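Quick notes on the structure that follows.
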Amino acid sequence: MKGLSERAYAAHAGLSRGAVQKARKTGRLVLFADGSIDAAASDARRGGMTDPDQQRRARGGIGGSGSAEAGPVSGPGDSASYLKARTALTVYQAQERQLAIQRKKGALVDRARAETLVFRLARQERDVWTSWPTRVAALMAAQLSADMESASGTPVTIETAILQRVLETHVREQLDAMADLRVSLE
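Each residue of the sequence shown is one higher than the last, beginning at 2 in my numbering.
Here it is in structure tokens:
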């Protein structure tokens with residue numbers, strides 16, 4: 002037998018025999034051709050493949066039932082990057098929860114829905130303005146004719162169709178100018 006047995010490796014690594022069997026099944030141990038365990042290579046592979054937080058808990062460190070461990074888990078130096086990734090995940094989850102709270106309070110709205118509503122509002126506004134000259138041209142022509150007649154004393158007639166065309170021209174110019182406005186939801 003070149004390497005260690007499961008029991009001997011369990012004693013060497015400070016693990017239970019069941020943990021060693023599980024590590025063997027999941028491919029975290031390096032085995033010799035005779036089935037014995039290569040202790041040095043297995044320690045390195047387990048260190049690289051095992052979550053440092055789980056290693057601490059298994060040894061009774063932080064988060065476990067024993068006393069807190071003084072330093073980071075020994076291994077190939079991946080514990081620092083793991084802790085950074087864990088911190089980034091925690092920050093992301095906190096931000097996600099904050100957004101969910103703001104959405105529930107009504108402080109945030111769905112961007113696609115907001116863009117649809119703005120587009121619909123702009124279209125309604127445009128439609129109102131394009132139909133406005135047709136609705137008011139006759140009234141304006143009659144009022145202007147009456148005002149000019151009372152001021153000059155002679156009957157004056159203003160053609161409704163001409164006034165409507167003039168109003169439509171100016172309204173279209175104004176709508177064209179407003180079409181250049183862009184809503185930015187960024």
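We treat Cβ as the ideally placed atom computed from N, Cα and C, and that holds for glycine.
Quick caveat: nothing in here was measured; it's all calculated off a predicted structure.
Do Pro134 and Leu168 have their C-beta atoms within less than 9 Å of each other?
In this structure, Leu168 lies closer than 9 Å to Pro134 by Cβ.
Are Ser37 and Ser6 close, meaning C-beta to C-beta below 9 Å?
yes
Pair within 9 Å by beta-carbon distance, Ala20 and Ala40
no
Helix, strand or coil for Ile159? Go by DSSP, reduced to three states.
coil
Near Leu100, what residues of its chain come up, given a Cβ to Cβ distance below 8 Å and the 5 sequence neighbours on each side ignored?
The residues are Leu109.
Outcome for Gly4 when other beta-carbon atoms lying within 10 angstroms are tallied against a minimum of 16:
buried
Should Leu182 be labelled buried (16 or more other beta-carbon atoms within 10 Å of its own) or exposed?
exposed
Out of Gly49, Arg127, Val119 and Glu174, point me to the one whose CA is closest to Ala81's CA.
Gly49
Using 8 Å as the Cβ pair cut-off and three pairs as the minimum, do the segment 162 to 176 and the segment 138 to 147 touch?
yes
I'd like to check one pair, Thr131 with Leu176: are the Cβ atoms closer than 9 Å?
yes
Extent of the continuous alpha helix (DSSP H) run through Arg127:
Arg112 to Ser153
Using the beta-carbon count (16 or more within 10 Å), is Tyr93 buried or exposed?
exposed
What I want to know is whether the C-beta of Arg127 ends up closer than 8 Å to one or more non-hydrogen atoms of the ligand HEM.
Among the components of this structure there are no ligands whatsoever, and the ligand HEM is therefore not found.
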